[in-house]
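Notes for the one structure printed next.
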Amino acid sequence: QKEVEQDPGPLSVPEGAIVSLNCTYSNSAFQYFMWYRQYSRKGPELLMYTYSSGNKEDGRFTAQVDKSSKYISLFIRDSQPSDSATYLCAILGGTYKYIFGTGTRLKVLA
Amino acid sequence: GAGVSQSPSNKVTEKGKDVELRCDPISGHTALYWYRQSLGQGLEFLIYFQGNSAPDKSGLPSDRFSAERTGGSVSTLTIQRTQQEDSAVYLCASSQRQGSGNTIYFGEGSWLTVV
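Listed in order, the protein sequences are those of chains Z and R.
Sequential numbering from 14 applies to the first sequence in our numbering.
Sequential numbering from 11 applies to the second sequence in our numbering.
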């Protein structure tokens, strides 16, 4: 079993839709969770990070962690064509080793 | 510099040749990572440098891969006798320190194609 699993998509939604992106992880000891956005032929950029369980909101983005289910989510409200990218979840496994999901490719249609 | 700088941005090489990929981290960042990203795959950890400590090389896929970091700043990833399966994006990242609450910043990547 992979330490982090993520549906690769692609996911196509109309402009204005609410997008839900998800990952599952295997180790209940993980506590630091991140979401990165990667545009085509660019490096990943950090969108949000959260500690432990709960929600964190930043503008149109909400990150949610459910430690009991070992499930993390990123919600995008009022999605825009500029949100079209690959979204990677990441978990800090240990003191410095980040474990990344395979990424979900999102396309927001105008 | 303002961000993590990687060169070359694109490299096409013949099978069997050696390649060197360079990473210049953000000034003052002591931690430096190399990751590999293949089509349809997640980011695969290759190697980690922290200050003057011995690097964690546990992710290097074979002895054809090596990396060094000179003077605690610039890093070079070397792939010897390249194979077609080495074709991927090689991403470098740096951070101010290790551990939670610490953001890692990625470069744009070096896109390697072995023909």
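Think of the CB as a built atom: it goes at the ideal place given N, C-alpha and C, for glycine as much as any other residue.
It should be emphasised that the depicted structure is a prediction, and the values quoted were computed from it without experimental measurement.
Tyrosine 52 of chain Z classed as buried or exposed, judged by whether at least 16 other C-beta atoms fall within 10 angstroms: exposed
From Z:Ser25, Z:Gly29, Z:Phe43, Z:Pro27, residue whose alpha carbon lies closest to that of cysteine 102 of chain Z: Z:Phe43
Distance between serine 81 of chain Z and phenylalanine 116 of chain R (C-alpha atoms, nearest Å): 31 Å
Interface residues of the region 34-63 of chain Z facing chain R [CB-CB below 9 Å]: Gln44, Tyr45, Met47, Tyr49, Gln51, Arg54, Lys55, Gly56, Pro57, Glu58, Leu59, Tyr62
Through-space distance from aspartate 28 of chain R to lysine 83 of chain Z, alpha-carbon basis: 42 Å
Euclidean distance between Cα positions of serine 25 of chain Z and serine 63 of chain R: 45 Å
Tyrosine 45 of chain Z versus valine 78 of chain Z: straight-line alpha-carbon distance, rounded: 10 Å
For tyrosine 100 of chain R and serine 24 of chain R, the rounded distance between their alpha carbons: First, the residue type needs correcting, since residue 24 of chain R is glutamate and not serine in the sequence shown. Their backbone Cα atoms lie some 17 Å apart in a straight line.
Any C-beta of chain Z under 8 Å from that of glutamine 60 of chain R: yes
Within-8 Å CB hit, glycine 26 of chain R to chain Z: no
Contact between the region 96-115 of chain Z and the region 46-63 of chain R (3+ Cβ pairs under 8 Å): yes
Rounded separation between valine 121 of chain Z and glycine 26 of chain R - CA only: 42 Å
Proximity of valine 124 of chain R and glutamine 90 of chain R at Cβ, strictly below 8 Å: no
Closer than 9 Å at the beta carbon, the chain R residues around glycine 72 of chain Z: What glycine 72 of chain Z touches in chain R: nothing, since even the nearest Cβ is about 18 Å away.
Contact under 8 Å by Cβ, serine 105 of chain R with alanine 41 of chain R: yes
Through-space distance from glutamine 19 of chain Z to arginine 206 of chain Z, alpha-carbon basis: For chain Z, the structure presents residues 14 to 123; residue 206 of chain Z sits outside this window and is missing.
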